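If you read the sequence shown in this note's numbering, its first letter stands for residue 2, the second for the next number, and so on.
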Amino acid sequence: MKKQNHTNSKGVTLVALIITIVVLIIIASIATYSGIDIIRSSRLTSFTTEMKIMQTEVNELYEKWKNGEIIIDDNGNVTIQEDESTQVSIGKDLTYDSDVENQASYVLIHQLDLGDTLSDLKAYRYFDYATIEYLGIEGTEGEFFVNIADRKVVSFEGFRYDGVMYYTLEQLPQSLYNVDYNPNQGKPTFDLSYEAIGDSKWRITVSNIQYDGNIDKWYVKYQEDGTDYWNTSEDLNFVVNKDALYNIYIENGDVVSDIKNKALGVKEPTPEDSSVTELQEMKYGVIEVEFLSGTSYSVTSNPNAPILNSEQGMQAVYWAKDESGDIDTTNITNNTYEISTDTSNFNSNNWYSYTAQTGNTEESGSSRWANAKVTKDGVASYFVWIPRYAYRIIYFDTPEHEQQYRAGGITEREALTNGWIVGYSDARGIVDAEGKKPTSVSSQTAISVNDKYFKTHPVFDGDVNYGGWAEDDGTPVKLSGFWIMKYEASQVSDTTIPKSEPGVSSWVNAGKIGNMFLYAKEYNSNINSHMMKNSEWGAVAYLTDSKYGRNGTEITINNNQYVRTGNAGNDISASANTTTNPYNTGKGMLASSTGNIYGIYDLSGGAIEYVAAYYGKGTDLILTDVGKNLINENKVSDAYSTVYEESAETTSMRRAYKYGDAIYETKGWYDDSSGVYSNDYPFIQRGGSFLNTQSSGIFYILSIGGTTTGMQTFRVCLTIQ
Numbered sequence: 002m003k004k005q006n007h008t009n010s011k012g013v014t015l016v017a018l019i020i021t022i023v024v025l026i027i028i029a030s031i032a033t034y035s036g037i038d039i040i041r042s043s044r045l046t047s048f049t050t051e052m053k054i055m056q057t058e059v060n061e062l063y064e065k066w067k068n069g070e071i072i073i074d075d076n077g078n079v080t081i082q083e084d085e086s087t088q089v090s091i092g093k094d095l096t097y098d099s100d101v102e103n104q105a106s107y108v109l110i111h112q113l114d115l116g117d118t119l120s121d122l123k124a125y126r127y128f129d130y131a132t133i134e135y136l137g138i139e140g141t142e143g144e145f146f147v148n149i150a151d152r153k154v155v156s157f158e159g160f161r162y163d164g165v166m167y168y169t170l171e172q173l174p175q176s177l178y179n180v181d182y183n184p185n186q187g188k189p190t191f192d193l194s195y196e197a198i199g200d201s202k203w204r205i206t207v208s209n210i211q212y213d214g215n216i217d218k219w220y221v222k223y224q225e226d227g228t229d230y231w232n233t234s235e236d237l238n239f240v241v242n243k244d245a246l247y248n249i250y251i252e253n254g255d256v257v258s259d260i261k262n263k264a265l266g267v268k269e270p271t272p273e274d275s276s277v278t279e280l281q282e283m284k285y286g287v288i289e290v291e292f293l294s295g296t297s298y299s300v301t302s303n304p305n306a307p308i309l310n311s312e313q314g315m316q317a318v319y320w321a322k323d324e325s326g327d328i329d330t331t332n333i334t335n336n337t338y339e340i341s342t343d344t345s346n347f348n349s350n351n352w353y354s355y356t357a358q359t360g361n362t363e364e365s366g367s368s369r370w371a372n373a374k375v376t377k378d379g380v381a382s383y384f385v386w387i388p389r390y391a392y393r394i395i396y397f398d399t400p401e402h403e404q405q406y407r408a409g410g411i412t413e414r415e416a417l418t419n420g421w422i423v424g425y426s427d428a429r430g431i432v433d434a435e436g437k438k439p440t441s442v443s444s445q446t447a448i449s450v451n452d453k454y455f456k457t458h459p460v461f462d463g464d465v466n467y468g469g470w471a472e473d474d475g476t477p478v479k480l481s482g483f484w485i486m487k488y489e490a491s492q493v494s495d496t497t498i499p500k501s502e503p504g505v506s507s508w509v510n511a512g513k514i515g516n517m518f519l520y521a522k523e524y525n526s527n528i529n530s531h532m533m534k535n536s537e538w539g540a541v542a543y544l545t546d547s548k549y550g551r552n553g554t555e556i557t558i559n560n561n562q563y564v565r566t567g568n569a570g571n572d573i574s575a576s577a578n579t580t581t582n583p584y585n586t587g588k589g590m591l592a593s594s595t596g597n598i599y600g601i602y603d604l605s606g607g608a609i610e611y612v613a614a615y616y617g618k619g620t621d622l623i624l625t626d627v628g629k630n631l632i633n634e635n636k637v638s639d640a641y642s643t644v645y646e647e648s649a650e651t652t653s654m655r656r657a658y659k660y661g662d663a664i665y666e667t668k669g670w671y672d673d674s675s676g677v678y679s680n681d682y683p684f685i686q687r688g689g690s691f692l693n694t695q696s697s698g699i700f701y702i703l704s705i706g707g708t709t710t711g712m713q714t715f716r717v718c719l720t721i722q
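And the structure:
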């Protein structure tokens with residue numbers, strides 16, 4: 002027994018030794034694995050931090066480019082205007098040429114197998130250490146490939162994981178780049194973005210997840226608002242196939258975020274539907290504009306190209322220059338240089354350039370809006386193109402702070418910190434400086450630009466209730482842009498045909514508003530001619546006041562007592578039959594929406610202009626008599642004039658508007674007059690007349706009975722698909 006016990010003791014000792022060795026091996030492997038994991042985590046943190054720093058810098062360069070402080074030419078070369086006389090080229094070319102350095106960069110791209118990631122080498126620049134040092138970028142040790150126009154950043158060195166190289170944050174697997182481990186209040190938070198990928202089809206992306214814990218996999222739950230069923234996505238981006246308001250949250254087990262809402266392709270309820278309380282101050286504001294590509298909600302740096310119909314006598318035009326390089330205005334109607342888009346020599350850069358102004362436009366402007374000449378029955382008329390865009394309005398407490406912001410003297414963050422911003426009108430509705438609504442207002446389709454809430458101007462979308470367009474059967478129509486008469490309508494002698502040219506008397510004896518509506522419709526139905534709507538006036542006014550127009554400079558009034566088109570601040574008593582050139586002084590140019598000859602005239606003063614809109618509770622006799630044609634037309638299609646509805650007891654001006662129409666959102670700007678609808682005065686006039694020298698302007702509005710008193714006129718707009 003003792004021998005047997007001795008043997009068993011030896012066996013136990015051996016087993017214990019083996020177990021101990023195995024345990025030590027396991028512990029060692031765990032420690033090794035843990036060490037490797039820590040190293041990987043550290044490298045990942047370093048990679049993502051540097052990429053985020055660089056992305057922030059590229060976003061700032063993008064804003065400078067949009068503001069004209071950086072130049073990007075057709076070959077992708079990037080130049081910074083260091084001072085008035087010095088321009089500095091930044092970054093290196095990646096395309097192949099005979100230059101040894103450039104050739105080396107080109108070869109390097111393909112050695113790194115970045116051909117797909119950098120599909121358009123011409124658009125990217127190589128930011129080496131010297132470039133990063135020159136730009137004063139801190140917190141990075143790597144080098145990058147940068148596309149400023151598209152705000153893209155690609156790492157030079159990349160990040161290796163399990164034998165695979167990753168060069169952008171978007172390429173990282175979700176298990177690596179799903180979470181930033183930052184402390185919060187116990188619930189995960191996240192950001193939402195989206196893009197339109199087809200008609201009523203959207204890709205929604207969840208990003209920037211913040212949670213104080215080690216969760217590397219999140220499930221996204223989403224549902225259409227008003228339904229019971231919650232869909233689940235294991236990916237952080239997913240596709241929905243319907244325009245609707247969506248509820249979205251993320252979860253992992255018991256860890257659940259708050260629900261966020263995203264409205265896609267659905268309208269924003271008007272403030273009158275939600276009883277939004279007025280902000281205390283909305284008189285001083287900055288309208289910011291982002292151009293949209295095609296008929297989508299995607300932001301683009303290149304406004305949509307104008308649509309011409311050459312079969313209907315449309316030609317692109319620009320103005321020739323004299324020997325000194327200035328626009329030759331000695332004979333404005335015959336000195337246009339016609340451009341045929343059918344020729345191989347066509348260059349859109351000669352035609353137009355929607356350029357951001359870097360200062361005010363009290364002396365001149367550099368933005369050139371596209372102009373076209375439409376010839377009908379031998380009579381030429383001029384039109385100007387308004388491309389599709391989204392906008393938001395920032396309201397300031399004083400005009401000084403507004404101008405500081407326009408001039409780049411203060412940032413939005415600084416203005417918010419100092420309490421100088423009092424609110425916004427954007428995709429959230431009309432909100433205070435903290436983004437809070439006085440009452441609940443659902444958001445309209447939002448275009449997110451650097452976390453700012455832009456909304457598509459309604460004239461470009463398909464909701465006729467807000468001045469959008471639709472087919473006769475109600476099918477929504479989205480526009481890439483529209484044409485507006487360059488001057489107030491004048492009359493082709495002894496006919497009912499309107500025309501648009503400078504230096505002639507506006508058509509102020511057309512009679513009832515219903516007549517004007519009919520004459521505009523009959524001008525040329527092949528290019529959908531129609532009387533200008535209130536939403537179209539608003540779209541023109543907002544683009545005019547933005548940095549792509551006058552950048553906050555008030556348009557000079559046309560104070561000619563004979564209502565001669567195109568005049569401003571000069572020749573106030575000249576007859577409409579005189580041959581005096583309306584552009585013979587600098588003031589003439591300042592009557593334009595761009596501060597130069599390429600803009601729209603007579604938006605302030607001249608004759609007062611009717612628009613195709615009316616108060617639906619107006620006196621029946623007035624609506625059916627004076628508004629005949631305009632009202633009857635709406636029985637076929639509601640698209641050609643906009644109805645304003647409100648309760649009988651409502652008199653507040655804030656209740657009688659639709660977003661984008663330049664009524665309540667810009668009430669009182671430049672001290673322009675604003676009036677209120679009533680049963681006896683259901684029709685709308687815009688711009689003011691030459692008599693109202695103090696109160697006329699692009700934000701002027703007055704209601705009236707719908708007949709002419711020798712002072713009212715109209716404009717024609719075109720929507721060509």
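Even glycine gets a Cβ: it sits at the ideal position worked out from N, Cα and C.
Computed from a predicted structure; not experimentally measured.
What number of angstroms, rounded off, separates the C-alpha of residue i from the C-alpha of residue j?
{"i": "Gly567", "j": "Asp662", "result": "24 Å"}
{"i": "Ala592", "j": "Gly606", "result": "9 Å"}
{"i": "Gly617", "j": "Ile514", "result": "15 Å"}
{"i": "Gly711", "j": "Leu417", "result": "48 Å"}
{"i": "Gly143", "j": "Tyr162", "result": "18 Å"}
{"i": "Gly600", "j": "Val385", "result": "7 Å"}
{"i": "Ile73", "j": "Trp352", "result": "19 Å"}
{"i": "Gly596", "j": "Glu363", "result": "8 Å"}
{"i": "Thr709", "j": "Asn60", "result": "52 Å"}
{"i": "Trp320", "j": "Lys374", "result": "12 Å"}
{"i": "Tyr355", "j": "Tyr549", "result": "6 Å"}
{"i": "Asn466", "j": "Ala614", "result": "11 Å"}
{"i": "Asp172", "j": "Thr50", "result": "Note on residue identity: the sequence assigns Gln, not Asp, to residue 172. When rounded, the distance between both Cα atoms is 15 Å."}
{"i": "Val89", "j": "Thr132", "result": "11 Å"}
{"i": "Ile632", "j": "Asp626", "result": "9 Å"}
{"i": "Gly770", "j": "Asn451", "result": "No information on residue 770 is available, as it lies outside the stretch 2 to 722 that the chain covers here."}
{"i": "Leu45", "j": "Val165", "result": "13 Å"}
By the 10 Å Cβ neighbour count, where 16 or more other Cβ atoms means buried, how is residue i classified, buried or exposed?
{"i": "Trp421", "result": "buried"}
{"i": "Ile260", "result": "exposed"}
{"i": "Leu309", "result": "buried"}
{"i": "Asn561", "result": "buried"}
{"i": "Glu646", "result": "exposed"}
{"i": "Ala542", "result": "buried"}
{"i": "Ile692", "result": "A small correction: the amino acid at residue 692 is Leu; Ile does not occupy that position in the sequence shown. Leu692 is exposed by the Cβ-count criterion."}
{"i": "Lys522", "result": "buried"}
{"i": "Lys153", "result": "buried"}
{"i": "Glu489", "result": "buried"}
{"i": "Tyr130", "result": "exposed"}
To which residues of the same chain is residue i closer than 7 Å at the C-beta, ignoring the five residues directly before and after it?
{"i": "Val493", "result": "Val380 and Lys500"}
{"i": "Glu235", "result": "Tyr220"}
{"i": "Ser349", "result": "Ala306"}
How about residue i: is its C-beta nearer than 8 Å to some C-beta of chain B?
{"i": "Val290", "result": "The structure shown has no chain B; it contains just one protein chain."}
Please state whether the Cβ-Cβ distance between residue i and residue j is less than 8 Å.
{"i": "Ser426", "j": "Lys534", "result": "no"}
{"i": "Lys456", "j": "Arg393", "result": "yes"}
{"i": "Asn248", "j": "Trp219", "result": "no"}
{"i": "Gly619", "j": "Asn680", "result": "yes"}
{"i": "Ala371", "j": "Ala317", "result": "yes"}
{"i": "Gln404", "j": "Gly553", "result": "yes"}
{"i": "Thr141", "j": "Ile54", "result": "yes"}
Just to confirm my understanding: we take residue i, look at its own chain, exclude 5 residues before and 5 after, and list those with CB closer than 6 Å. What are they?
{"i": "Ile138", "result": "Glu58"}
{"i": "Gln540", "result": "The sequence given here places Ala at residue 540; Gln does not occur at that position. Taken in chain order, the residues that qualify are Ile387, His458 and Val460."}
{"i": "Lys284", "result": "Gly669"}
{"i": "Ser449", "result": "Ser194"}
{"i": "Trp231", "result": "Lys222 and Gln224"}
Skipping 5 residues on each side, what residues in its chain have a beta carbon closer than 8 Å to that of residue i?
{"i": "Lys67", "result": "Ser302 and Ala357"}
task: Ignoring anything shorter than 4 residues or poking outside the stretch 466–552, list the alpha helix (DSSP H) runs there in chain order.
output: 514–524 and 535–546
query: Along the chain, which unbroken stretches of the beta strand (DSSP E) at least 3 residues long are found entirely within the stretch 355–380?
result: 372–377
field: In chain order, each alpha helix (DSSP H) run of at least 4 residues that lies wholly inside the stretch 242–313
entry: 272–275
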